[in-house]
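Before any comments, here is the structure.
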Amino acid sequence: MRSRHTPRRPSGAPPRPSRRAALLAATLGALSCMLATAPGAAYAAGPLTALTVRIGFAAPLSGDYADYGRDLQKGAQLAIDDANAQGVKIGDQTAHFELVSVDDRADPRGGVHAAARLANENVVAVVGHFNSGAAIAASRIYESAGIPMIAPTATNPTLTSQGFANTFTVIANDARTAGMAGAWAVDEIKARRIAILDDRSAFGQGEADVFERTVKARGGTVVAREFAMSESGDIVDFGPQLARIQAANADLLYFGGLAHEAAMLVRQMKARNMSVQFVGGGGVAIPDFVRLAGVAGEGALAWEYGRPLAQLPDGPHFAQRFKSRFGVDVLAYAPFGYDATWAAIHAMTAARSANHEVWRGALKALSFDGVTGHIAFDDQGALKNGAATLYRLKQGTWVPVTTRGG
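Residues -44 to -1, 1 to 362, numbered by mature numbering (1 follows the signal peptide of the UniProt record, and there is no 0), are exactly what the sequence shown covers, in order.
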């Protein structure tokens, strides 16, 4: 979902490569060479000699988004536990599944290093990554190694439009969810003067761009298009952007970014006595926003991926089993981690092989009902007919308003 990258100049021309971008490119090249020659890579590409099946997991396990990474990790682990308890067979043999977890720190460079580690750990699949920037960078490593990556929460459409054979997602992408949000803003609530602000991450800018295109295609008016970022990657002051949005007399502000920045944004909006309706994209309708925004968050709207867990056929049962196993409630995205892991397991059983060169073909043809809904992939590996839900924050609780798709 979230990862910083260099903004474009106002002219629209791409900026000169930064030192960080150059370092990332060099790292990618070096790691690709390492994968081509590492002893572990040859083992991972061939048939397993024992029926211990290692599935990799990559997400932020430290830093600001560690809670969400661990939530995903628990979902994946629950799938592993269930498969082992059921005695799942691959071919004629009972498989024992193991989860191999690495921390990607929710940034592209960390994603590349996590991918290289997993490729050399002889994993046959990877469930990851949490955010789009890390996932896109890591996907090149997995493609080079021939290892299927099933992303539970990375939503930038670029991830599955690179032409890679090994990249899949079990969550609706931003082309779908932000498109739904844009259509809703113009067609249903009849917003007349729309402002758009993003955090310049691969995730945030991606969904803001789709929202803007959809609004304009449906005859809506965008009165301000802003972005905010800092050298450290932590946005603390939206003042200049909000001043311009306020001067433009916007009646709706759509924000592309995650909960931490969104909470700071609505607090600063309240301090300015702005009456504009705040609408967040994915990654906002979560407990962190409620905690950080305080009373300033009341009445906020946000589009979130999937259907409410309580409204899914197996949702309440999943939530109960999750709490029994881990002693905590589902935070946000654990069901997607669970379904991504089962997608790999189902494909292996269908192919009767844990050799990823064999079973990835079964993954392309996969169709099953998961906790989050029906799982099947289009020709690029994106989830077919993914759902999104609009929530309103009411008295400290995110209340579902409407669900589209799924």
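No residue lacks a Cβ here, since even glycine has one placed at the ideal position from N, Cα and C.
Check: What residues are listed by DSSP as bridge partners for TRP140?
Finding: Answer by DSSP bridge pairing: none, since TRP140 is not bridged.
Margin query: Within a Cβ cutoff of 7 Å, which residues of the same chain sit near ARG263, ignoring the five residues on either side of it in sequence?
Written below: Answer for ARG263: GLY329, ALA343, THR345, THR359, GLY362, listed in chain order.
Checklist line | Same chain, Cβ closer than 7 Å to PHE324, five either side skipped, listed in chain order | finding: When the five nearest sequence neighbours on each side are left out, the beta carbons in the same chain lying within less than 7 Å of the beta carbon of PHE324 are those of HIS302, ILE331, in order along the chain.
Notebook entry, point to check: Do you know how far the Cα of ASP20 is from the Cα of HIS216?
Noted result: Using only the alpha carbons, I get a separation of about 9 Å.
Check: Just the Cα atoms here: how many angstroms apart are VAL355 and VAL126?
Finding: Their backbone Cα atoms lie some 24 Å apart in a straight line.
Item checked: Separation of HIS273 from GLY236, as counted between CA atoms -> Approximately 29 Å between the Cα atoms of the pair.
Notebook entry, point to check: DSSP state of LEU319, grouped into three classes?
Noted result: Three-state DSSP puts LEU319 in a helix.
Check: Can the beta-carbon of GLU290 be found less than 8 Å from the beta-carbon of ASP27?
Finding: Reading the sequence as shown, one finds Ala at residue 290 and not Glu. ALA290 places its beta carbon less than 8 Å from that of ASP27.
Item checked: Classification of VAL82 by the beta-carbon crowding that lies within 10 angstroms, buried from 16 upward -> By the neighbour-count rule (16 or more Cβ atoms within 10 Å), VAL82 is buried.
Next item on the list: Report the option in ARG96, ILE103, PHE124, VAL80 whose CA atom is closest to the CA atom of THR111.
Entry: Nearest in C-alpha terms to THR111, of all of ARG96, ILE103, PHE124, VAL80, is PHE124.
Item checked: Span of the alpha helix (DSSP H), counted from its first residue to its last, around SER95 -> Counted as a single uninterrupted DSSP element, the alpha helix (DSSP H) harbouring SER95 occupies residues 88 to 101.
Next item on the list: Counting only the same chain and skipping the five closest in sequence on each side, list residues whose C-beta sits under 8 Å from that of LEU7.
Entry: Shown here for LEU7: same chain residues with a beta carbon closer than 8 Å to its own, the five before and five after excluded, namely ILE46, GLN49, THR50, ALA51, HIS52, ALA310 in chain order.
Item checked: For VAL178, the nearest candidate out of TYR98, LEU115, TYR210 (CA to CA) -> It is TYR210.
Next item on the list: Identify every residue that forms a DSSP beta bridge with VAL235.
Entry: TYR210, LEU257.
Note to self: With DSSP as the reference, identify every bridge partner of GLN49, one or two as the case may be.
What the structure shows: DSSP output for GLN49 lists ILE46 as bridge partner(s).
Item checked: Inter-residue spacing [alpha-carbon to alpha-carbon] between PRO16 and GLY25 -> Rounded to whole angstroms, PRO16 to GLY25 spans 5 Å at the Cα level.
Item checked: Nearest candidate by alpha-carbon position, reference VAL79, set THR133, GLU54, ALA206, GLY283 -> Here the closest residue by C-alpha is GLU54.
Item checked: Of the residues ASP285, GLN161, ALA121, PHE13, the one placed nearest GLY213, counting alpha carbons only -> It is GLN161.
Next item on the list: Would you mind sorting LEU349 into buried or exposed? The rule is 16 or more other CB atoms within 10 Å of its CB.
Entry: It counts as buried.
Margin query: In whole angstroms, give me the CA-to-CA distance for PHE292 and VAL327.
Written below: Looking at the two C-alpha atoms, the distance is approximately 8 Å.
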